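Engineer:
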Amino acid sequence: MTKEMDMQERFQQYVDAENKVEPKDWMPEKYRKTLIRQISQHAHSEVVGMLPEANWITRAPSLRRKTALLAKVQDEAGHGLYLYSSAETLGADRMDMVEDLLAGKAKYSSIFNYPTPTWADIGAIGWLVDGAAIANQVMLCRTSYGPYSRAMVRICKEESFHQRQGYEIMMTLSKGTPAQKKMAQDALNRWWWPALMMFGPTDDNSPNSAQSMRWKIKRKSNDQLRQEFIDKTVPQADYLGLRIPDDQLRWNEETGHYDFGPINWEEFFDVLKGNGKCNKQRLEARQKAHKEGEWVREAANAHAEKMARREKRETSAA
Ligand code: FAQ
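At position 161 of the sequence shown the residue is numbered 157 (the numbering used here), and the sequence of numbers has no breaks.
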């Protein structure tokens, strides 16, 4: 057995014994790369994910709704920051990750390429998108890489506040006037299928899953998580008096799960290729924000350099 194989085997045993891998530990190069890929995509998703909701900050229907939405969008920025930091512990360079996003080379969640034409879309995002994010991320609190798992604990707490914020908007609308109820139903119709796509391709078409599960980066498969989300969300829609837009949705006594209709994977892969309704708009908004923030980055760097010079002067004088 070569030394590398021996290390790989020991690493696997270490992970199998439910130990956390920390930044300075030895790890297979592919483990490091997989994590940088997943964590940076996740960070980009949080950052791009601010855009569809930011669209409604100035138009929220009351001050209470506006403050809650502002706080939520700010939380997403914070999540992006923890996640970029977590990817940095693996040796990734933050500017490289950001540049890949701005150049359209990096992936971020498909879900954020859909538009938010009405206030009800903000409710649907909180309820369904944050709901799906929680289903996926609760398992990531137990992921094998220490810094990622610790970041996820805090992120999940905040996501559950976001989910309730969204559900409460949907509750108000669905118990409101017929026009408000229709607005809620239309938003559910728009977001249901894209939310199911968030979990990624089916297990038999998910190239990264098997190895990620072996390394305990992922604890549950894409299909398992999708099913858990559906089972949890259908009763919530019933409570709202809204109809899930799937004629084949049925409770299956035998399996103890809901059966559901086919997902349009062609649409999913098309969105990944950059052809979703808002891909272009999202990327342009990020590029513009990056450019407009240049002076802030320069000022922060200049200040940091000044402080470092001052500290050096003071230590040499002492
Ligand atoms: N969109 O082999 P798999 C949020 C890609 S955060 C775009 O199954 P994997 C909070 C995948 O990257 C939402 N691409 O991949 C919020 C891979 O491409 P690659 C984000 C997708 O990694 C709420 C290829 O397809 N959450 O919403 C998608 O094992 C409200 C093959 O797929 C996370 O990132 C997709 N939906 O499993 C913010 C959670 N699905 O890299 C604002 C962490 C798959 O080989 C407002 N990530 N792809 O070229 C994960 O758990 C995993 O990365 C999966 C994909 C489950 C997303």
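The beta-carbon is built from N, C-alpha and C at its ideal position, and this holds for glycine as well. On a predicted model such as this, the values are computed, not experimentally measured, just so you know.
Which residue wins for smallest C-alpha separation from E25, given the options A13, E14, Q4, N109?
Structural biologist: Nearest of A13, E14, Q4, N109 to E25, Cα basis: Q4.
Engineer: Going by beta carbon distance, what residues of the same chain come within less than 7 Å of N185, once the five residues before and after it are set aside?
Structural biologist: So the qualifying residues of the chain are P241.
Engineer: Check the C-beta distance from Y104 over to S170 and give it rounded, since I have them as a contact under 8 Å.
Structural biologist: Contact flag wrong, Cβ pair sits at about 30 Å.
Engineer: Would you say the beta carbon of N204 comes nearer than 7 Å to a heavy atom of ligand 1?
Structural biologist: It does: the Cβ of N204 is within 7 Å (strictly closer) of some heavy atom of ligand 1.
Engineer: At 4 residues or longer, what runs of the alpha helix (DSSP H) sit wholly inside the stretch 73 to 101?
Structural biologist: Listed in chain order, they are 90 to 98.
Engineer: Using a Cβ-Cβ cut-off of 7 Å (strictly less than) and excluding sequence neighbours within five positions of S140, which residues of its own chain qualify?
Structural biologist: Correct list, in chain order: V11, K16, V17, W211, K212, I213.
Engineer: Using only alpha-carbon positions, find the residue among F7, M46, T63 that is nearest to Y27.
Structural biologist: The shortest C-alpha separation from Y27 is found at F7.
Engineer: In three-state DSSP terms, what is R293?
Structural biologist: R293: helix per DSSP, three-state reduction.
Engineer: Would you list the residues sitting across from V17 in a DSSP beta bridge?
Structural biologist: Paired residue(s): Y141.
Engineer: Mapping DSSP to helix, strand and coil, what is N315?
Structural biologist: With the chain covering -3 to 314 only, the question about residue 315 has no answer from this structure.
Engineer: Is E72 near ligand 1, with its Cβ less than 7 Å from a heavy atom?
Structural biologist: Yes, ligand 1 has a heavy atom inside 7 Å of this Cβ.
Engineer: Is L136 near ligand 1, going by C-beta to nearest heavy atom under 7 Å?
Structural biologist: Checking every heavy atom of ligand 1 against the Cβ of L136, one is found closer than 7 Å.
Engineer: Can you round the beta-carbon distance between W187 and A120 to whole angstroms, since I take them to be within the 8 Å contact cut?
Structural biologist: With a Cβ gap of about 4 Å, W187 and A120 count as contacting.
Engineer: Within a Cβ cutoff of 7 Å, which residues of the same chain sit near F108, ignoring the five residues on either side of it in sequence?
Structural biologist: Contacts found: S41, V44, G45, L47, P48, R278.
Engineer: Locate the beta strand (DSSP E) running through Y254, then write down its first and last residues.
Structural biologist: Run containing Y254: 253 to 255, per the beta strand (DSSP E) assignment.
Engineer: Just grab the DSSP bridge partners of W188 for me.
Structural biologist: W188 is not bridged to any residue.
Engineer: Run the proximity test for L268: is its beta-carbon closer than 7 Å to any non-hydrogen atom belonging to ligand 1?
Structural biologist: Checking every heavy atom of ligand 1 against the Cβ of L268, one is found closer than 7 Å.
Engineer: Taking the straight line between their C-alpha atoms, what separation do you get for G100 and M194?
Structural biologist: Between G100 and M194, the C-alpha separation is close to 19 Å.
Engineer: Which residue from A102, D117, S106 puts its Cα closest to that of P57?
Structural biologist: The option with the nearest alpha carbon to P57 is D117.
Engineer: Just the Cα atoms here: how many angstroms apart are T229 and T311?
Structural biologist: Straight-line Cα distance between these residues: approximately 60 Å.
Engineer: Taking all protein chains shown into account, decide if P231 is buried (16 or more other Cβ within 10 angstroms of its Cβ) or exposed.
Structural biologist: Exposed: under 16 other Cβ atoms inside 10 Å.
Engineer: Roughly how many whole angstroms lie between the Cα atoms of W261 and L268?
Structural biologist: In a straight line, the C-alpha of W261 is about 11 Å away from that of L268.
Engineer: Does DSSP put N260 in a helix, in a strand, or in coil?
Structural biologist: Residue state, collapsed to three classes: coil.
Engineer: Pick out whichever of A191, M166, L192 has its Cα sitting closest to the Cα of Q181.
Structural biologist: Closest option to Q181, Cα to Cα, is M166.
Engineer: Exposed or buried, which one is E155 when buried takes at least 16 other CB atoms within 10 Å?
Structural biologist: Classification for E155: buried.
Engineer: Is the distance from the Cβ of N218 to the Cβ of S205 below 8 Å?
Structural biologist: Result yes, Cβ atoms of N218 and S205 sit closer than 8 Å.
Engineer: Tell me whether T251 is buried or exposed, calling it buried when 16 or more other Cβ atoms sit within 10 Å of its Cβ.
Structural biologist: With fewer than 16 other Cβ atoms within 10 Å, it is exposed.
Engineer: Does the stretch 145 to 152 come close enough to the stretch 73 to 85 that 3 or more CB-CB pairs lie under 8 Å?
Structural biologist: Touching, yes.
Engineer: Would you list, in sequence order, the uninterrupted beta strand (DSSP E) runs of no fewer than 3 residues that lie entirely inside the stretch 175 to 234?
Structural biologist: Entirely contained in the stretch 175 to 234, not one beta strand (DSSP E) run reaches 3 residues.
Engineer: Which stretch, first to last residue, makes up the beta strand (DSSP E) that contains N248?
Structural biologist: 246 to 248 is the span of the beta strand (DSSP E), which, as asked, contains N248.
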